[in-house]
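Just below is one structure, and these are the notes that go with it.
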């Protein structure tokens, strides 16, 4: 399974000539799936919910900075609610992860991204649900004044202000499964605001606790994007699983023993799943550096909201 995941991550983000043979074979499926989304965008009328809704999304699968962007923007508002699907969680249906900063559940029920957001935003309500409309109604019932949809660009049935994030380099512009795009690239015209990494924002990563030999342990999409931030002289090995995977303590201990280390290096998103294990951890802390008030002012000028700031 991991070999298949690695192949497609390379096809999407670091394609070589031999990856394209599979990509070309899959083109009929890519065209079909992208056409379905093209049709959905044009026949489904978005519904208003009488509350400001900001979507932080992307057209590509994998990490683009949606979660740190959501956190950075939401913390500027008084009573925000963050709604996301909760990928990888061991639960289903609608779950209130935190209510006005009070955490209501554990990471296995919430999923890793939702728990990270709940920990970071101490004044926010965080909800996970496959049905975003049910979650919007719940957020309103709980007193939210503004809603952030994490990864909400594809939710064409909801009227919202669309912020779309793009990576600095895109070596493969084909739709899934031949490439990383969930829709045709030209569908970006439906966004209200497009932010490009390297131009409009940049990642700032701190390696906290990186003081001794360790192994990298992570389960994120496209883990090679961590390479520029890893202290290579201290990282003696890697243990990488597919995005949102759950870890087994004994498997990590075996990897630590294999490489002769007693510490792990991981991301903030992964770290919320490790706390019960009691490992000595170093953490790659990610923030986005951008003109936050430029983004907020753009939103206010284009959305008549009267939203209150913190």
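In this note's numbering, the protein residues as written are 37 to 346.
From the three backbone atoms N, C-alpha and C, an ideal C-beta is built for every residue, glycine too.
Looking at 201, 221, 196 and 298, the one whose alpha-carbon comes closest to that of residue 208 is 221. Taking C-beta atoms as the reference points, residue 98 and residue 258 count as a pair closer than 7 Å. Exclusion of the five residues before and after residue 108 leaves 323, 324, 326 and 328 as the residues of its chain whose Cβ lies within less than 8 Å of its Cβ. Three or more beta-carbon pairs separated by less than 8 Å link the stretch 116-128 to the stretch 140-158, which places the two stretches in contact. Relative to residue 175, the option among 151, 195 and 133 whose CA is nearest is 133. Where residue 324 is concerned, there is no enclosing alpha helix (DSSP H), although the beta strand (DSSP E) around it starts and stops at 317-326. Per the DSSP secondary-structure output, residue 264 pairs with nothing in a beta bridge. Straight-line measurement puts the Cα of residue 293 at about 42 Å from the Cα of residue 184. Contact check for residue 210 and residue 59: beta-carbon distance about 6 Å, within the 8 Å limit, so the pair qualifies. With a cutoff of 7 Å on beta-carbon distance, residue 230 and residue 200 are scored as near each other.
The alpha-carbon separation between residue 242 and residue 105 amounts to approximately 17 Å. In this chain, the beta strand (DSSP E) harbouring residue 93 covers 89-94.
Between the stretch 149-163 and the stretch 39-52, the count of C-beta pairs closer than 8 Å stays below three; the two stretches do not touch. Residue 204 and residue 316 have their C-alpha atoms spaced approximately 34 Å apart.
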